[in-house]
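Okay, so here's the structure we're looking at.
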Amino acid sequence: MNYALSASTRSQLDLYMAHQASLNGLPVTGLAKNFAVDPAVQQRLENAMKNSTELTQKINIIGVTDQEGEKVLIDTTGPIARTNSSSDGTKRRNPITPYDLAARRYRCEQVNYDTYISYAQLDAWNAHPDFATRISKQIALQIALDRIMIGFNGTNHALISDFAANPRLQDVNTGWIEHIRK
Numbered sequence: 016m017n018y019a020l021s022a023s024t025r026s027q028l029d030l031y032m033a034h035q036a037s038l039n040g041l042p043v044t045g046l047a048k049n050f051a052v053d054p055a056v057q058q059r060l061e062n063a064m065k066n067s068t069e070l071t072q073k074i075n076i077i078g079v080t081d082q083e084g085e086k087v088l089i090d091t092t093g094p095i096a097r098t099n100s101s102s103d104g105t106k107r108r109n110p111i112t113p114y115d116l117a118a119r120r121y122r123c124e125q126v127n128y129d130t131y132i133s134y135a136q137l138d139a140w141n142a143h144p145d146f147a148t149r150i151s152k153q154i155a156l157q158i159a160l161d162r163i164m165i166g167f168n169g170t171n172h173a174l175i176s177d178f179a180a181n182p183r184l185q186d187v188n189t190g191w192i193e194h195i196r197k
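Here the sequence shown is numbered in our numbering, starting from 16 and rising by one per residue.
Next comes the structure, spelled out in structure tokens:
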């Protein structure tokens, strides 16, 4: 069954598409083709996702442009707090090297977060002027929740994930716990 958008919803959708194209420096017709999302637009999505849950606010996420390479984070070697109550200077303070620059590799794997909204749903939500903001926030939240689920449950990256067999997203990507196991 074909569903035709109301004129009002079509107008709002056209404005939304024009805005998305403008954000990415494209003509509206360019949205129908493959294109790389502008880094500033991608960063806004990353920030929205990161800020959507308490846990993701505490996770370091550093964007990279290479599919694989060396991790750039500096790890600490352990506690650095010490005391030295020698007031006469007979006990020398011994500073320690607080960082670990050990080489660690990373490899990024493609993970898709594809969504759609039916024309009927668009028409139903047309009366709410903040619908685009609402749905964007919900999508960012779900991306964050999916990343958390993958972080705790992911065991491998399958070329085609099987949600029926892996409802905790075990085959979407290798998670934090699996990295520790290896």
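No residue lacks a Cβ here, since even glycine has one placed at the ideal position from N, Cα and C.
field: C-beta contact flag for residue 188 and residue 83 at 8 Å
entry: no
Are residue 92 and residue 113 close, meaning C-beta to C-beta below 8 Å? yes
Could you name each continuous beta strand (DSSP E) segment of 3 residues or more that falls completely within the stretch 124-167, going from the start of the chain to the end? none
- request: Quickly, what does DSSP pair residue 84 with across the bridge? List them, please.
  value: 121
message = In this structure, how does DSSP classify residue 53 when only helix, strand and coil are distinguished?
response = coil
DSSP bridge partner residues for residue 91 (one or two, in chain order): 114
Open item on the list: Whole angstroms are fine: how far does the CA of residue 23 sit from the CA of residue 37?
Closed with: 21 Å
Point to revise | 8 Å Cβ cutoff met for residue 155 and residue 60 | key: Their beta carbons are under 8 Å apart, which means residue 155 touches residue 60 by this criterion.
Please determine, among 56, 76 and 110, the residue with the shortest C-alpha to C-alpha distance to residue 40.
56
Exercise. Could you give the residue range of the alpha helix (DSSP H) that holds residue 70?
Worked result: 69-72
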